[in-house]
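Here the structure is laid out as structure tokens; the discussion comes afterwards.
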Amino acid sequence: MMHYYQDMDLRSKVLFLLLAGAVSLGGVSFGCRNNQTPAPKRFSASDIEKLRWIEGTWRGTGDVPTPFFERYRFENPTRLAVDSFPDEKLSTVEETSVFELKDGQFGNGGEGSRWIATSIDYQGITFEPLVKAQNSFRWQRESDNSWTAILNWPATEGKPARQRVYKMERWPQK
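Every letter in the sequence shown is one number past the one before it in the numbering used here, and letter 138, counting from 1, is 139.
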């Protein structure tokens with residue numbers, strides 16, 4: 002009878018080693034999937050409605066030498082435009098990015114870098130890279146008058162993973 006229990010220990014060890022090997026291979030596979038297109042998520046206009054808190058003009062600070070200014074505006078229930086301004090005067094739009102719901106997916110269009118939403122709730126939205134982009138980012142609501150933009154880049158050859166965080170405050174301040 003004792004021999005059976007000794008065999009079970011050996012079997013347990015072998016099973017453990019097999020499972021550990023499978024997990025480590027799975028980890029390698031998972032780590033390599035960073036460059037793959039994210040799994041599509043289906044969103045509706047009611048999901049986009051959860052982002053109404055971001056409407057308005059914002060002053061951004063963080064890992065930049067000077068503050069930056071952006072205005073977030075809904076052009077319709079499924080289209081969010083983001084205007085970038087060179088200064089607090091807000092008189093000249095430098096660039097406009099548009100995020101739109103199409104075929105159940107919410108993301109930006111154009112020929113350049115593109116991202117697609119992978120989660121939306123009342124507290125924020127997370128985007129993953131789709132085309133010509135490496136970083137993911139999240140717009141995280143903090144209060145009615147502030148939110149945080151969190152940008153994450155994965156580790157690449159010779160460079161560690163990194164993160165940038167920007168604090169966005171409603172502008173002009175009341």
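Heads up, the beta-carbon is just placed ideally off N, CA and C, and yes, glycines get one too.
For S137, the uninterrupted beta strand (DSSP E) run begins and ends at S137 to S144, by DSSP. Distances from the CA of R80 to each of P87, K90, T62 and F107 were compared; the closest alpha carbon is that of F107. With a cutoff of 8 Å on beta-carbon distance, T62 and Y167 are scored as near each other.
For S98, same chain residues with a beta-carbon under 6 Å away, outside a window of 5 residues either side, are V83 and N109 in chain order. Collapsing the DSSP output to three states places W148 in a strand.
Annotation: the continuous beta strand (DSSP E) that includes I121 extends over R115 to D122.
Cβ atoms of K42 and D122 stay farther apart than 8 Å, at about 12 Å.
For R115, the closest alpha carbon among the candidates Q124, E101, I49 and G105 is that of E101. In its chain, beyond the 5 residues on either side, R43 and F44 have a beta carbon closer than 7 Å to the beta carbon of G105. Straight through space, the alpha carbons of E56 and F70 are spaced by roughly 13 Å.
Take P78, set aside five residues on each side of it, and the residues of its chain with a beta-carbon closer than 6 Å to its own are A46, in chain order. Taking R142 as the centre and dropping the five residues before and after it, the same chain places the C-beta of W54, Q124, G125 and W148 closer than 6 Å to its C-beta, in chain order.
The beta carbon of R72 is closer than 6 Å to those of T58 and D84 in its chain, skipping five residues each way along the sequence. In terms of Cα proximity to L152, the closest of T127, K90 and W172 is T127. Within the same chain, and ignoring the five residues on either side of W154 in sequence, the residues whose Cβ sits closer than 7 Å to its Cβ are Q135, N136, A162 and R163. Here A156 is not near F138, since their CB atoms are 8 Å or more apart.
Counting every other CB atom within 10 Å of its CB across the protein chains shown gives T67 a total below 16, marking it as exposed.
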